[in-house]
């Protein structure tokens, strides 16, 4: 059993519940007899490289502060999108010199797919130089695209926001007695989990959204127009939901040309404008009033509408990560295993990070309908338990209170 200090960092795009996982790590560390101080790395691995740390043991002595952290959106410590080199070099040497300087025996990294690549590389380097440190990945991403785990913290709250917002949009769209089309763009580059969550908005005698398109299948613009026309014969106010990452069969993003060709440090293209492009096409074809709506950052930071299930699980998996590290595990990611659907129940386990990092989990083909413009009931049954429960946000002067950095 290692004894020393710990560092926790947050990386990648924030979520509504990423700070709940951070709170879980802090709680686990504060209750441990082998962790003396838990440091927070500001802006992820970049904070480790620059020795930019916050003493979280001091800052969160008051349990009330931790409770406020749990319900605060975005990454409290700050985030980054930084890819470590493929080859072990002085970057790794300097990181581990910092670990030694601060007597770090435990490193916890809260993040998504790209962040797990950092966990993998640091674990491999530690093993190569025989450095005594336990490194644990804590899953996080609204995209729900991490391998092995049943779902990821952050997805449930984003799904709840998406479904709730679409119900409201549907009501608004129905006020006029003339043909309208509303096209809603949802985040999701290669995995359509968030777009699929739009189906949760449906209720008895309410078919909105009428059409759903995921990036798992090639997008056909002519088929899209045909689908719109077909639905409009039954519903005057058509609502279609489309993933930002839909591509045509030749591999071209529908939104290409709508935005500049910008990529991040991981080489991912910046996607935006899919709904606008399709709205222009629909308007030109039919002459109807067409709206394009892009939820953008709102779907990952709407803490006032978080899923309590998501918040609770996010905190639990953070604490479980600390307990797993103290037991001696390293080079693993914590994950959820669904053991019961009704009643819904999960176990928190861990798995070798080498089987998870850089592996993308997409929506199964059998969960998408044959026509490729909707999802199946199995997908809805999978998602429904993840959006349950209402969060307990504190309000002051009519507005939610969030923890300041």
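In this note's numbering, the protein residues as written are 107 to 511.
Yeah, the Cβ is synthetic: ideal placement off N, Cα and C, and Gly gets one too.
It should be emphasised that the depicted structure is a prediction, and the values quoted were computed from it without experimental measurement.
Pair within 8 Å by beta-carbon distance, residue i and residue j
i	j	result
residue 172	residue 132	yes
residue 507	residue 500	yes
residue 260	residue 117	no
residue 112	residue 231	no
residue 208	residue 267	no
residue 254	residue 462	yes
residue 190	residue 219	no
residue 440	residue 248	no
residue 380	residue 262	no
residue 342	residue 250	no
residue 210	residue 155	no
Selection from the options that minimises the alpha carbon distance to residue i
i	options	result
residue 383	165, 118, 355, 331	331
residue 478	298, 161, 487	298
residue 296	223, 398, 310, 348	348
residue 256	204, 503, 445, 351	445
residue 193	317, 352, 234	234
residue 408	319, 178, 151	178
residue 152	122, 180, 142, 187	187
residue 228	355, 418, 401, 438	438
residue 335	287, 354, 325, 362	287
residue 115	143, 135, 142, 159	159
residue 396	403, 385, 436	385
Pairwise C-alpha distance: residue j and residue i
i	j	result
residue 290	residue 184	29 Å
residue 425	residue 242	11 Å
residue 195	residue 488	43 Å
residue 360	residue 480	18 Å
residue 512	residue 427	The requested residue 512 does not occur in the structure, where the chain is confined to residues 107 to 511.
residue 264	residue 412	7 Å
residue 465	residue 167	38 Å
residue 357	residue 467	19 Å
residue 304	residue 310	15 Å
residue 471	residue 419	27 Å
residue 320	residue 203	45 Å
residue 314	residue 140	53 Å
residue 221	residue 176	21 Å
residue 61	residue 109	Past the edges of the chain, shown from 107 to 511, lies residue 61, and the structure says nothing about it.
Any non-hydrogen atom of the ligand HEM closer than 7 Å to residue i Cβ
i	result
residue 189	For the ligand HEM, the structure offers nothing, since it holds no ligand at all.
Status (buried if at least 16 other CB within 10 Å, exposed otherwise) for residue i
i	result
residue 278	exposed
residue 57	What the structure shows of the chain is the stretch from 107 to 511, and residue 57 is not part of that stretch, so it cannot be assessed.
residue 164	exposed
residue 366	Here the model assigns residue 366 a pLDDT of 44, short of 50, so the residue's position is not dependable, and the following value carries that caveat. That one is exposed.
residue 456	buried
residue 124	buried
residue 107	exposed
residue 350	buried
residue 120	buried
residue 393	exposed
residue 240	buried
residue 322	buried
residue 180	buried
residue 475	exposed
Residue-chain proximity (residue i, chain C), Cβ-Cβ < 8 Å
i	result
residue 218	The chain labelled as chain C is not found in the depicted structure, where only one protein chain is given.
Ordered list of alpha helix (DSSP H) runs contained in the stretch 156-216, each at least 4 residues: 162-165, 169-176, 196-207
Uninterrupted alpha helix (DSSP H) stretches inside the stretch 277-343 (no shorter than 4 residues): 299-302, 327-338
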